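**Student:** Dropping a structure here in structure tokens format, bear with me for questions.
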Amino acid sequence: MTDRRKPIRFHGSPLADLRSFPDSARQDVGFQLDQVQLGRDPDDWRPMKTVGKGVREVRVRESDGAFRVIYLARLADAIHVLQCFQKKSQRTAREDIELAQQRYRRLMQEKDHER
Numbered sequence: 002m003t004d005r006r007k008p009i010r011f012h013g014s015p016l017a018d019l020r021s022f023p024d025s026a027r028q029d030v031g032f033q034l035d036q037v038q039l040g041r042d043p044d045d046w047r048p049m050k051t052v053g054k055g056v057r058e059v060r061v062r063e064s065d066g067a068f069r070v071i072y073l074a075r076l077a078d079a080i081h082v083l084q085c086f087q088k089k090s091q092r093t094a095r096e097d098i099e100l101a102q103q104r105y106r107r108l109m110q111e112k113d114h115e116r
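Be aware that the sequence shown starts at 2, since it is given in the numbering used here, and climbs by one per residue.
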């Protein structure tokens, strides 16, 4: 049987950021990303059109707080994780959105140069 999972590619610091999450949040995020790799929707997500076309945010709530992963899965080559962070307030911090936008633009430029 062939494993049809898309690989995950982290852009910038998200892998290190994810590794800093508490164990329970890290495990939940891992499960949610596994679902995305299999072509399924995560349990709790929302579109992030302000970041870019097809970008989504996985939302994980744990006793330690709220954690987010901003990713793009619409490209054929991989799931691209643009940002991982712990939410500190009701609104997503502008810095987290801007960083995800920068990484999205850089990724789209890379893809344009590959053609």
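We put the beta carbon where it would ideally sit given N, CA and C, even for glycine. Computed from a prediction, not measured in an experiment: that's the story for all the values here.
Assuming GLN37 contacts ILE80 under a Cβ cut-off of 8 Å, what Cβ separation, rounded to an integer in Å, is found between them?
**Tutor:** Counting from one through the sequence shown, the residue named residue 37 turns up at place 36. Counting from one through the sequence shown, the residue named residue 80 turns up at place 79. Position check: residue 37 holds Val in this sequence, whereas Gln was assumed. The Cβ separation is near 6 Å, so the contact holds.
**Student:** Does the ligand FMN have even one heavy atom less than 7 Å from the beta-carbon of ARG10?
**Tutor:** The ligand FMN is absent from the structure shown, which contains no ligands of any kind.
**Student:** Just tell me which of ARG10, LYS54, VAL52, LYS89 has its CA closest to the CA of ASP35.
**Tutor:** Working through the sequence shown from its first residue, we reach residue 35 at position 34. Looking at the Cα atoms, ARG10 is the closest of the given residues.
**Student:** Quick one: Cα of LEU73 to Cα of ASP97, how far?
**Tutor:** If you number the sequence shown from 1, residue 73 lands on position 72. If you number the sequence shown from 1, residue 97 lands on position 96. Approximately 15 Å between the Cα atoms of the pair.
**Student:** Taking 8 Å as the cut-off, decide whether the C-beta atoms of VAL56 and MET49 are in contact.
**Tutor:** In the sequence shown, counting from the first residue as 1, residue 56 sits at position 55. In the sequence shown, counting from the first residue as 1, residue 49 sits at position 48. Yes, they are a contact pair.
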